[in-house]
Every structure is written in structure tokens, then in C-alpha cells.
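Below: one structure, written as C-alpha cells.
In our numbering, the protein residues as written are 7 to 189.
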């Protein structure tokens, strides 16, 4: 009986390890500086993106450093962007995001603030540096229905795998119990 309990305990521990706990889309409400106003910030830990959407902004920053993002860290974390796309409107002028090799685009995040430093281009082709941010309020996390993949290309174990492991431990426990009765 003790061995069966140990097998079940090990199986339950494997359930905890196998779930994709940090994969998800983390959503925050944010009021952005520079006249950009209210927006929603979604950080997708699987797609490695931070997306701002609002009346004056539709901007996505991609950074491989966001893979596996699991929520706010109390200390400021700076992520260098691999790409940036979208637009923002400031003082009536629409700017397009560009990733320039000369200057990095950075996404900053901590437990209650988020911001971006980047270069944007207006319709006349003039480049302007932008540094905007604001206080965030966490509103929820959505776990994707499809199992995510890790950055190394292997898949993240899902609950079905854990159930398979649990069944194996139950089988081992049952076999040991039958062997003990036979003696």
C-alpha cells in the first residue's frame, strides 16, 4: 500500500511538471503617455510578442526574450526587439514603426509599468524617436487551446502526457500490490 501511495504521489508530481503553466496571453490595461491614451497591452509568451491596441496605437513588438513570459517581474526588465510593426498617432500625425539597424527598439516591463523606445517614420519619411509608456493593470491570462512549442522546437508536454504517466504509475502500483498478495 505504501508503494502504491508513493507511485500515485510521483504521478501527481508529474502532472504538475507537465502542464504548460507559463504559456499564455497576458492582458493589461494601460494609459500611455505622449497623448496616446488608453490601450490594451497583450504579451503572448508563445508568439513572443507585446501588442498595444487602442484608439491611437496598433503596434506589435516581437522579442525572442518574451518566449516563456510568465507575468510581471517586480524589477524592470528590458527586452530588445527582433521586430516591430504597426502605427501610432501622436498630435494628429500617423507614424509607422520601423526596425532600424542604427538604433535598437526596446520594450520595458515591470510589475506595474510598460513602455517602448523606438524609431517611427511619418508619411513624409521623417524619422522620430519615441519613448512612451504607462502604468499597467493586469486584467487576465488566456491559455491557448493548442499546445505551444518551446524555442528549441520540441513540444511542451500536455495533460494527456501526464495522464499517460499517471496510468503507468498506477499499473506499476497494481503489479506490485498483486505480487505482494501472491507472497
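For each residue, glycine too, the CB sits at the ideal point set by N, CA and C.
Element boundaries [beta strand (DSSP E), containing residue i]
i           : result
residue 91  : 89 to 96
residue 102 : 99 to 104
Coarse secondary structure for residue i, derived from DSSP in three states
i           : result
residue 47  : strand
residue 72  : helix
residue 82  : coil
residue 116 : coil
residue 126 : strand
residue 56  : strand
residue 30  : coil
residue 149 : coil
residue 4   : Residue 4 cannot be examined here, being either before or after the span of the chain that is shown, 7 to 189.
residue 77  : coil
residue 135 : strand
residue 143 : strand
Of the residues the options, the one placed nearest residue i, counting alpha carbons only
i           : options               : result
residue 50  : 145, 70, 94 and 32    : 32
residue 48  : 39, 136, 82 and 29    : 29
residue 101 : 129, 38 and 110       : 129
residue 120 : 112, 127 and 92       : 112
residue 82  : 62, 139, 149 and 98   : 139
residue 39  : 142, 147, 146 and 149 : 142
residue 91  : 64, 35 and 116        : 64
residue 55  : 36, 86 and 45         : 86
#### Entry: Any 3 or more C-beta pairs closer than 8 Å across the region 77 to 89 and the region 126 to 135
No, they do not touch.
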